[in-house]
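All remarks here apply to the structure that follows.
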Amino acid sequence: KTRLQDTLRIGSIPADGIGKEVVPAAQLVVEAVGVPVKWISLDAGFEYFQRHGVALPQSTVDTLINSCDGALFGAVSSPSHRVEGYSSPIVALRKKLDLFANIRPVISSPHVPRSLPGINCVIVRENTECLYVKEEQLTTTASGHKVATATRRISQEASARIAKVAFDIAVQRAREFKRPGKVTIVHKANVLPITDGLFRETVLAVSKESAYKDIIVEEQLVDSCVYRTFIDPQSFDVLVAPNMYGDIISDGAAAVVGGLGLVPSANSGNNFVVAEPVHGSAPDIAGLNIANPIATIRAAGLMLQQLGHDKAARAIEAGIQESLRRGQTTKDLGGSESTHSAAEKIASHAVAAL
Ligand code: ATP
Ligand code: MG
């Protein structure tokens with residue numbers, strides 16, 4: 037990779053809907069805290085597809101691979117009806133760059149009324165397989181009834197590598213918080229003993245490795261995991277889940293810490309990170325400059341942390357906390373800031389925290 041001394045080269049992929057508003061807001065904050073960064077604007081998304089017939093141009097993939105240290109992604113619209121030739125560019129990107137782990141920290145926000153207190157967990161979502169292999173088929177029976185099926189792929193290899201990520205995070209957090217670490221394996225092996233059974237078995241095998249001997253391991257069926265997310269989320273440390281379950285429990289977990297506008301994620305591979313908010317393109321509020329930029333600003337913080345800019349990442353989180361404390365929030369959290377002004381305030385508090 038060609039590199040400008042210590043300047044980070046970050047792909048900026050706002051894509052669709054509020055992605056176009058929250059990504060520039062996050063860029064503003066990253067620049068404010070003095071991280072030397074060259075942004076490289078890249079195309080992708082449903083709107084791009086509608087204009088050009090392709091959702092993830094090859095040039096975007098090539099630029100990321102050949103000349104970026106990481107990327108910040110906004111959101112993609114995913115129409116719920118089938119659109120010929122379209123499939124989600126973020127799902128494709130995760131596969132093409134082998135970003136096999138989706139890491140989603142979920143933390144209480146003290147000054148957000150709808151946030152339950154005392155939550156601090158990380159959802160580690162497998163990012164390459166499960167139902168996201170997207171092999172669906174529609175057939176018609178002899179009597180003329182339609183039958184649809186989908187393939188759900190779970191491999192030992194992908195399950196083992198996501199398990200390692202989860203256990204490594206648990207070890208690191210145990211050290212940081214000076215308390216025993218815990219990994220909760222989310223599955224539904226009672227109904228799906230072959231697919232979820234393999235996931236469960238593989239994660240349990242990884243848990244036996246000597247590096248993880250101090251980590252407590254527990255299992256939770258996905259349905260009761262959702263229930264527990266709503267009644268006792270404080271009891272989670274690290275959760276590890278197949279792709280689809282991980283997606284579903286993340287949205288639920290976002291709800292108990294104050295909403296989708298607050299929760300970031302990092303898609304990580306061996307050598308690359310694409311950070312993004314957990315939320316989608318929010319078509320209902322797109323273009324109004326009212327989207328909460330915090331999830332994306334936090335995503336940028338996760339990315340900076342992974343790229344070795346810990347101090348800047350911590351200042352950004354401190355800036356967010358200060359804005360929340362002062363109620364300088366967007367409408368979803370009861371405030372009156374715009375996307376842009378909320379980001380500016382966070383930026384100035386982050387600078388003060390440096
Ligand atoms: P997509 O198909 O892109 O996921 P969606 O319709 O599922 O779109 P989401 O983006 O997942 O929409 O959002 C779900 C709800 O949460 C919407 O009502 C949306 O307005 C709200 N929401 C999501 N993100 C934010 C945000 N950053 N700020 C404020 N509200 C948000
Ligand atoms: Mg959504």
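One rule links them: number in UniProt numbering = place in the sequence shown (from 1) + 36.
Where is the CB? At the ideal position from N, CA and C, for every residue including glycine.
Small disclaimer: the values here were computed from a predicted structure and weren't measured.
Here the C-alpha atom of VAL309 lies approximately 24 Å from the C-alpha atom of GLU83. In the DSSP assignment, GLU171 falls outside any alpha helix (DSSP H) and carries neither an H nor an E. In the three-state reduction of the DSSP assignment, HIS315 falls in the coil class. Rounded to whole angstroms, the separation of the alpha carbons of GLY294 and SER151 is 4 Å. By the Cβ criterion, the stretch 64-81 is in contact with the stretch 344-352, since at least three pairs of Cβ atoms, one from each stretch, lie closer than 8 Å. Excluding five sequence positions before and after GLY305, the CB atoms of its chain that fall closer than 8 Å to its own CB belong to LEU133, ASP134, LEU135, PHE136, ALA137, given in chain order.
Non-local C-beta neighbours of ARG197 in its own chain, meaning closer than 7 Å and more than five positions away in sequence, comprise PHE136, ordered along the chain. If you check the CB distance, VAL219 and ALA202 come in under 8 Å.
When DSSP states are grouped into helix, strand and coil, GLN256 belongs to the strand group. Less than 8 Å divides the Cβ of ILE285 from the Cβ of VAL262.
In the structure shown, the three-state DSSP call for PRO50 is strand. As for any alpha helix (DSSP H) of minimum length 4 sitting wholly inside the stretch 273-320, the runs are 279-292, ordered along the chain. ILE198 carries a helical assignment under DSSP once its states are collapsed to helix, strand and coil.
Within 10 angstroms of the beta-carbon of HIS385 lie 16 or more other beta-carbons, which makes it buried. In the same chain as SER243, and ignoring 5 residues on each side of it, the C-beta atoms closer than 6 Å to its own belong to VAL253, in chain order.
Remark: the shortest separation between the CB of SER286 and any heavy atom of the ligand ATP does not fall under 7 Å. Only exposed fits LYS214, as fewer than 16 other CB atoms lie within 10 angstroms of its CB. LEU369 carries a helical assignment under DSSP once its states are collapsed to helix, strand and coil. Going by C-alpha positions, ALA184 is about 35 Å away from VAL142.
Taking non-hydrogen atoms of the ligand ATP into account, the C-beta of GLY316 is found less than 7 Å away from one of them.
In this structure, PRO319 has its CB closer than 7 Å to one or more heavy atoms of the ligand ATP. ALA107 has GLY47, VAL310 as its beta-bridge partners, per DSSP. In the structure shown, the three-state DSSP call for THR185 is strand. Put simply, of ILE49, VAL148, SER145 the residue whose alpha carbon is nearest the alpha carbon of LEU100 is ILE49. HIS223: member of the beta strand (DSSP E) spanning 218-223, first to last residue. Under the three-state reduction of DSSP output, LYS74 falls in the strand class. Assigned with DSSP and collapsed to three states, ALA327 falls in coil, not helix or strand. Here the alpha carbon of GLY81 sits roughly 43 Å from the alpha carbon of ASP250. Proximity of the stretch 366-375 to the stretch 333-347 falls short of the contact definition, fewer than three beta-carbon pairs being nearer than 8 Å.
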